[in-house]
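Here is the structure we will look at.
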Ligand SMILES: NC(=O)c1ccc[n+]([C@@H]2O[C@H](COP(=O)([O-])OP(=O)(O)OC[C@H]3O[C@@H](n4cnc5c(N)ncnc54)[C@H](OP(=O)(O)O)[C@@H]3O)[C@@H](O)[C@H]2O)c1
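Residue numbers (UniProt numbering): 1 to 291.
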C-alpha cells in the first residue's frame, strides 16, 4: 500500500484526501491551520505536526496549498519536506503555481535527490470528493507511472504532458477559460436584468445553443440566486490571473482579455469580494451598475 502524504487541507485538498481515504488508501496529512484536518482525522487520516514529519513517513507527497510562496515554504522552509527527505521520496505538486516556479521547485527537489511531478487539476471539491478531477501531469514520468493508481483514483482523466512546467502552462490556460466564462455570464445576466427580463430566460436560451457550457448549465443558476458559497474563491482565481498575465509576458504572448480580466478581478478583490466563490464576480459587476 502506497504511503501517501497530503499537505494543504483547504477546500480542494480536504476533498482529495477524503476520497483517497474512502478509496482505501492510508493517508498522513499536514495543514498549517490544524483545525482544518479534523474532518480527515475523523475519517482515518494520521495528522502530522510538520511537513518534515509527514515526509519521514510518506513515499508520495501531494501538496495542495494556495500559491507559489506557500509551496516554496512547504518544500524548502524550516521543517519543510526537504528536511524529512529519504530514499525514494516523491513529491507531486497539485497547487496552481507559476510554471517557472514549478520548474525551479522541481530542479531544487532533484538536487536534493527527491523525485518530482506536477499534477495541477481541473474541477473543484464537489467533483474531487468523487475522484472526478481532470489531472494534468508533467515532470518525472517514472513517478507518474509508478503512482498511476493514485492519480487514477483522484481523477477520471489524466494527461501526461512532458517536461517540468508543461502541466502548469496548460493549467493556467484552463483557468483563463474559467475567469472569462464567469465574466461573460456575469455581464450577460446583468445586461438581461437591466433590460427588464428574468435572467433565467437568458440561461434558457443560452443553454439551447451551441454556446452553452457546464458553467451556464450549472453554476449560473446559483449566480442568479446570488448564491456564492465558495468552492473556489475569487481571491484564488485572481491569484491565477496574476500568474496567467505574468507567464504570458514570459512567453511573449499578448493576451488583452487576460489583462483586462486581471484588472476586473483585482478590483473585485479590493472591493471586498475575495472570499466568496469566483462566480461572485457577478455581485461586483452588478454593483458597478448601481453607481
Ligand atoms: N478549489 C478549487 O476548485 C481548485 C481547483 C483547482 C486548483 N485549485 C488550486 O489548489 C490550491 C488549493 O486551493 P483551495 O481551493 O483548496 O484553497 P484554500 O481553500 O484557500 O486552501 C489553501 C490552502 O493553502 C494553505 N496555505 C496558504 N498559505 C500557506 C502558507 N504560507 N503556508 C502553508 N500553507 C498555506 C492553507 O492553509 P491554512 O488552512 O493554514 O490557511 C490551505 O490549506 C490552490 O493553488 C488553488 O488555486 C483549487
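From the three backbone atoms N, C-alpha and C, an ideal C-beta is built for every residue, glycine too.
Alpha helix (DSSP H) segment containing residue 144, residue limits: Run containing residue 144: 141-146, per the alpha helix (DSSP H) assignment.
Nearest residue (CA-CA) to residue 153, options 135, 164, 169, 65: Residue 135 is the option with its Cα nearest to residue 153.
Extent of the continuous beta strand (DSSP E) run through residue 7: Annotation for residue 7: the continuous beta strand (DSSP E) segment containing it runs 3-7.
Closest by C-alpha distance to residue 130, when choosing among 284, 23, 169: Nearest of 284, 23, 169 to residue 130, Cα basis: 23.
Reference residue 275, options 72, 258, 231, closest by Cα: Out of 72, 258, 231, 231 has the C-alpha closest to the C-alpha of residue 275.
Residue from 2, 87, 1, 51 with nearest C-alpha to residue 9: For the set 2, 87, 1, 51, the Cα lying nearest the Cα of residue 9 is the one of 51.
Those runs of the alpha helix (DSSP H) which lie wholly inside the region 194-275 and span at least 4 residues: Runs of the alpha helix (DSSP H) inside the region 194-275: 199-206, 214-217, 219-224, 234-251, 256-268.
Cβ pair residue 186, residue 75 closer than 8 Å: No.
Separation of residue 16 from residue 141, as counted between CA atoms: Cα-Cα distance, rounded: 22 Å.
Local conformation of residue 137 per DSSP, three classes: Annotated three-state conformation of residue 137 is strand, per DSSP.
Short Cβ contact (8 Å threshold) for residue 55 with residue 63: Their beta carbons are not under 8 Å apart, which means residue 55 does not touch residue 63 by this criterion.
Ligand 1 heavy atom lying under 7 Å from the CB of residue 232: In this structure, the C-beta of residue 232 approaches ligand 1 to less than 7 Å from one of its heavy atoms.
The region 82-97 touching the region 160-176, judged by at least three CB pairs closer than 8 Å: Enough Cβ pairs lie closer than 8 Å, so yes.
Cβ shell of residue 100 (< 8 Å), same chain only, five flanking positions each side left out: In the same chain as residue 100, and ignoring 5 residues on each side of it, the C-beta atoms closer than 8 Å to its own belong to 165, 247, 250, in chain order.
Residue 59: first and last residue of the uninterrupted beta strand (DSSP E) it sits in: Per DSSP, residue 59 is not a residue of any beta strand (DSSP E), being assigned neither H nor E.
Segments assigned beta strand (DSSP E), at least 3 residues, entirely inside the region 66-111: Scanning the region 66-111 from its first residue to its last, the whole beta strand (DSSP E) runs of 3-plus residues come out as 90-93.
Collapsed DSSP secondary structure at residue 169 in the structure displayed: Look at residue 169 here: in three-state DSSP terms it is helix.
Status (buried if at least 16 other CB within 10 Å, exposed otherwise) for residue 19: Its Cβ being crowded by 16 or more others within 10 Å, residue 19 is buried.
Cβ neighbour criterion (16 or more within 10 Å) applied to residue 277: Result: buried.
Range of the contiguous beta strand (DSSP E) that encloses residue 26: Counting along the chain, the beta strand (DSSP E) containing residue 26 begins and ends at 26-30.
The region 180-198 touching the region 212-221, judged by at least three CB pairs closer than 8 Å: Yes, since at least three Cβ pairs between the region 180-198 and the region 212-221 fall closer than 8 Å, the two stretches touch.
Residue 125 burial status per 10 Å Cβ neighbour count (16 or more: buried): The Cβ neighbour count for residue 125, taken over all protein chains shown within 10 Å, is at least 16; the residue is labelled buried.
Cβ separation of residue 202 and residue 192, assumed to be a contact under 8 Å, to the nearest whole Å: The Cβ separation is near 4 Å, so the contact holds.
Alpha-carbon spacing of residue 265 relative to residue 194, whole angstroms: Using only the alpha carbons, I get a separation of about 22 Å.
Within 8 Å, strictly: CB atoms of residue 5 and residue 97: Going by C-beta atoms, residue 5 is not nearer than 8 Å to residue 97.
Terminal residues of the beta strand (DSSP E) in which residue 156 lies: Looking at the DSSP string, the run of the beta strand (DSSP E) that includes residue 156 is 155-160.
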